[in-house]
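The next block holds one structure in the form of structure tokens; read it before the comments.
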Amino acid sequence: MALKLKNILKLFATVCCWCALAPAAQANGIEQLLQQAIAISPEVAKAKAQMLVAQADLKISEAAWLPQASARLYNGVGNTKQSNPFANQRNANENVQNNSISLQQSIYNKPASIQIEQTQLSVQEAELRHAMAVQTAIQNWINKLMDYKQSKAALSLAEHKLQTALLQKEHVEQGEKNGENSALELANTETELALRHAELGQAQHAVGQRLWELSQLTGQEVAPAWIDGIEFNMPPALHTEKKLEQEVLLNNLSLKIQQLYKQAATLEINKANGQHHPTVKLVAQHSQSESESVSTLGNRVEQNMLAVQMDIPLFNGFATRAQTEKAAASLNQQHADFNKASAQVLRDTQAAHRQLNSAAHLWNAYTQANHAATQQQLAIETAIKHKLATPLDLAKAKEKLTELKMKKMEYLLAANKAFLVLQELTGVLNIESALGRLSKLE
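Residue numbers 22 to 463, in this note's numbering, belong to the letters of the sequence shown in order.
Have a look at this one:
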């Protein structure tokens, strides 16, 4: 009975542990990790806050076109003096009370209308900057994943080099016993072995450091098992460089922001000129006033009014002209900034496109070299069966193949980095497109 109870408690503890670990196990998907990295990014959070501020500013600007209601209440003492040549003069102290409520509705206000358009542009800019922050977070996380994969390849090469050094030492020791090698050669192999041990330790530290950096970006500890089976795919062929440049000029997010700046500068000119325009309001008012003095009791006046109010600016000390000149100069500056940004974006596009083509060409070359090295390794394995080669020969072949695989991965990652840069420049980089660069090994 006690044994059964003990087994039941063990089972219960196992279920509880599984339930506690279930959320973490579900979060180990690459998409979930990438989404979490975006969610905790300070740049994304800042851009999101700026977007909320811009949306609130838009509501404030639009409020100028909503009806404005106000009430006024006062009660006090006044002094009234009447002077009329045909009547007796009267001077009296009065108790005065006045209550009124008014409702105003703007009908025409050009500066306020332009202010709404400018705020709408600010909202669009904030949304674009949020999208850029998300793209940056994706880029940073994928780049850290690439660094980890590259450090793992370096660790594999260090392990093979250590194995080769061990076999080399055994070979020299046997040769020294047979009189074929000297003590100096044995000392050299021992030095080589110590160096390989140091390289292995350095490679292991680099893997741990890259995994820690990836965990910091993700906001949780990333287990190696979650990402070791992930491999990068070779990017697909892109359009010609000319067509790619056209897509960049049309869809690049930073250039869209520069376009918004030009539109905002144009609106600023119109807003400055709009200060010459009259403002028109519809005003409805109801008021009650009452005064009482020694000679006048209960003098009450009630008034209802519906009117159109027009305010016409006449002269403001040439401020409008100065503001218009300033806005025109700002527009010229925005045109120059846009041209400068366009040229830089095109240069970045050309550099990334050429880097992609170069990396793809070298990747193909190392793919063929890997195939040849694999065939060589198979041949050595066959030769060992017939005692025509030694395990040291096989270890050297494996080391060479691992080194070629590492170089192949290096150019594969370089191609993917260039491809992601091009996706960012064309404004199409998102989680889905980033995950399209990855595949899970079976």
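From the three backbone atoms N, C-alpha and C, an ideal C-beta is built for every residue, glycine too.
All values reported here derive from a predicted model rather than from experimental measurement.
Enumerate, from N- to C-terminal direction, the unbroken beta strand (DSSP E) stretches of 3 or more residues contained entirely within the region 304 to 348.
The region 304 to 348 contains these whole beta strand (DSSP E) runs: 320 to 332.
With distances taken Cα to Cα, identify the nearest neighbour of Q126 among R150, Q89 and D249.
On the sequence shown, residue 126 is found 105 positions in, with the first residue counted as 1. Residue Q89 is the option with its Cα nearest to Q126.
First and last residue of the beta strand (DSSP E) that includes I251?
Here residue 251 refers to the residue found at position 230 of the sequence shown. First-last of the beta strand (DSSP E) with I251: I251 to F253.
Are three or more beta carbon pairs between the region 281 to 293 and the region 132 to 146 nearer than 8 Å?
In short, these stretches touch, since the Cβ pair count reaches three.
If you draw a straight line from the C-alpha of W384 to the C-alpha of Q284, how long is it?
Taking the first residue of the sequence shown as position 1, residue 384 is located at position 363. Taking the first residue of the sequence shown as position 1, residue 284 is located at position 263. For W384 and Q284, the distance between alpha carbons rounds to 45 Å.
Just tell me which of L124, K131, K67 and A70 has its CA closest to the CA of Q306.
As a position in the sequence shown, residue 306 is number 285, starting the count at 1. For the residues L124, K131, K67 and A70, the minimum Cα distance to Q306 belongs to L124.
Restricting to Cα atoms, I'd like to know which of I128, D168 and I278 is closest to A147.
Residue numbering aside, residue 147 sits at position 126 when the sequence shown is read from its first letter. Of the listed residues, the one whose Cα sits closest to A147 is I278.
Going by C-alpha to C-alpha distance, which of A340, L270, E201 and L216 sits closest to L183?
Taking the first residue of the sequence shown as 1, we reach residue 183 at position 162. Nearest option by C-alpha distance: L216.
By Cβ distance below 7 Å, which residues in the same chain neighbour D78 in space, the five residues on each side in sequence not counted?
Here the question's residue 78 lines up with position 57 in the sequence shown. Closer than 7 Å at Cβ, skipping near neighbours: T140 and S143.
Under a Cβ-count criterion, where at least 16 other Cβ atoms within 10 Å of its own Cβ denotes burial, should R150 be classed as buried or exposed?
Here residue 150 is taken as the residue at index 129 of the sequence shown, counted from 1. By the 10 Å Cβ count, R150 comes out buried.
Using the Cβ count rule (16 or more neighbours within 10 Å means buried), how would you classify A381?
In the sequence shown, the residue the question calls residue 381 occupies position 360. It is buried - the Cβ of A381 has at least 16 other Cβ atoms within 10 Å.
Using 10 angstroms around the beta-carbon of V269, count the other beta-carbons present and answer buried if the total reaches 16, otherwise exposed.
The residue given as residue 269 occupies position 248 in the sequence shown. With 16 or more Cβ atoms within 10 Å of its Cβ, V269 is classed as buried.
I'd like the list of long-range same chain contacts for F359, defined as Cβ closer than 8 Å, with 5 residues on each side in sequence excluded.
The residue you call residue 359 lines up with position 338 of the sequence shown. So the list reads L276, Q279, Q280, Y282 and K283, once near-sequence residues are dropped.
Rank K428, N437 and L433 by C-alpha distance to the C-alpha of A390 and give the top, closest one.
Sequence index remark: in the sequence shown, residue 390 carries index 369 (1-based). Checking every option, the nearest Cα to that of A390 belongs to K428.
Say whether chain D places a C-beta atom closer than 8 Å to the C-beta of L87.
Among the chains in the structure shown there is no chain D, since it carries only a single protein chain.
Using only alpha-carbon positions, find the residue among Y169, N378, A224 and P257 that is nearest to Y432.
Numbered from 1 along the sequence shown, position 411 holds the residue referred to as residue 432. The residue with the shortest Cα to Cα distance from Y432 is N378.
From what residue to what residue does the beta strand (DSSP E) around K198 run?
In the sequence shown, the residue the question calls residue 198 occupies position 177. From DSSP, K198 is part of no beta strand (DSSP E) but of the alpha helix (DSSP H) over K131 to K198.
Exposed or buried, which one is V243 when buried takes at least 16 other CB atoms within 10 Å?
Here residue 243 is taken as the residue at index 222 of the sequence shown, counted from 1. When all chains shown are included, V243 counts as buried.
With DSSP collapsed to three states, give me the class of T300.
In the sequence shown, counting from the first residue as 1, residue 300 sits at position 279. In the structure shown, T300 sits in a strand (DSSP, three-state: E or B).
Considering only DSSP beta bridges, list what G97 is partnered with.
Looking up residue 97 in the sequence shown gives position 76. For G97, which the question treats as bridged, DSSP gives the partners V117.
Buried or exposed: which applies to Q230, given that a residue is buried once 16 or more other Cβ atoms fall within 10 Å of its Cβ?
Residue 230 sits at position 209 when you count from the first residue of the sequence shown. Exposed: under 16 other Cβ atoms inside 10 Å.
Tell me, which residues are paired with L55 by DSSP?
Numbered from its first residue, the sequence shown carries residue 55 at position 34. Its beta-bridge partners do not exist; DSSP assigns none.
Do A394 and T185 come within 8 Å of each other at the CB atom, strictly closer than that value?
As a first step, residue 185 is located in the sequence shown; it is residue number 164 there, counting from the start. As a first step, residue 394 is located in the sequence shown; it is residue number 373 there, counting from the start. No, they are not a contact pair.
Along the beta strand (DSSP E) that carries L459, what are the first and last residues, could you check?
Taking the first residue of the sequence shown as position 1, residue 459 is located at position 438. Its beta strand (DSSP E) spans residues L459 to K461.
To the nearest angstrom, how far is it from the Cα of L413 to the Cα of L422?
The residue given as residue 413 occupies position 392 in the sequence shown. The residue given as residue 422 occupies position 401 in the sequence shown. The straight-line gap from Cα to Cα measures roughly 14 Å.
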